[in-house]
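Accompanying notes for the structure given below.
Numbering (my numbering), first residue to last: 276 to 515.
Have a look at this one:
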């Protein structure tokens, strides 16, 4: 459920952390977070969560994500919601209601990974209409998990009425910027879909793919920028 891209970014940045001194950034963000700044508290929570400028400390990460959520900052609420899913070990007891509430707040604020995770929650609750609503929102932002899942449910026809044009469109959008090996893996499925579509339907799908533009929200962009955004928000220059 955890957003994979964001984790990957911070793991990459952690590798760089051995060569970089993040003390100035850590100290400035800490100072800002202590004033009740919701975004600063979110960044500080991530520093503790991934060990940027400090040792990894999940308890401190949880503390600052809680403060960020209390300040009504959606990205902090999302991280807090993830802790309450119980996937961070014994740091905090799982609380499905708090996980849902915090994830929904972040999703309704426009954060794509939260929209995807909320969609999965709704599907698990047996509410496919709400699930598909949030899944489409995440897909429009270019969220890869959402694009892949939209392709799957349209192909299978279980959560939505089967629509092979949509299945083909979402699958090819998912594969568009992925590695060649992944494209080869899914090619038999695309071939199977094409065999069940008319030329006009394939043309319609191709036109939709050509016209498609990812529209990431401000929140999604902030999260994806990772440390660059932390430096910007702290008013500090990026390290050379």
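Beta carbons: idealized from backbone N, C-alpha and C, even for Gly. As the structure is a prediction and not an experimental result, all values here were calculated from the model.
Out of 511, 507 and 493, which has the shortest C-alpha to C-alpha gap to residue 385? 493
Residue 489 in three-state terms, based on DSSP: coil
Just how far apart, CA to CA, sit residue 330 and residue 410? 36 Å
Looking at residue 428 and residue 436, is the spacing between their C-beta atoms short of 7 Å? no
Inspect the CB distances between the region 354-369 and the region 315-328 and report whether three or more fall short of 8 Å. yes
Ends of the alpha helix (DSSP H) at residue 343? 333-345
Which two residues bound the contiguous alpha helix (DSSP H) that contains residue 366? No alpha helix (DSSP H) holds residue 366; DSSP gives it neither H nor E.
Pick from 413, 405 and 377 that is closest to residue 390, judged by C-alpha positions: 413
Return helix, strand or coil for residue 240, following the three-state DSSP convention. Nothing about residue 240 can be read from this structure; the chain reaches only from 276 to 515.
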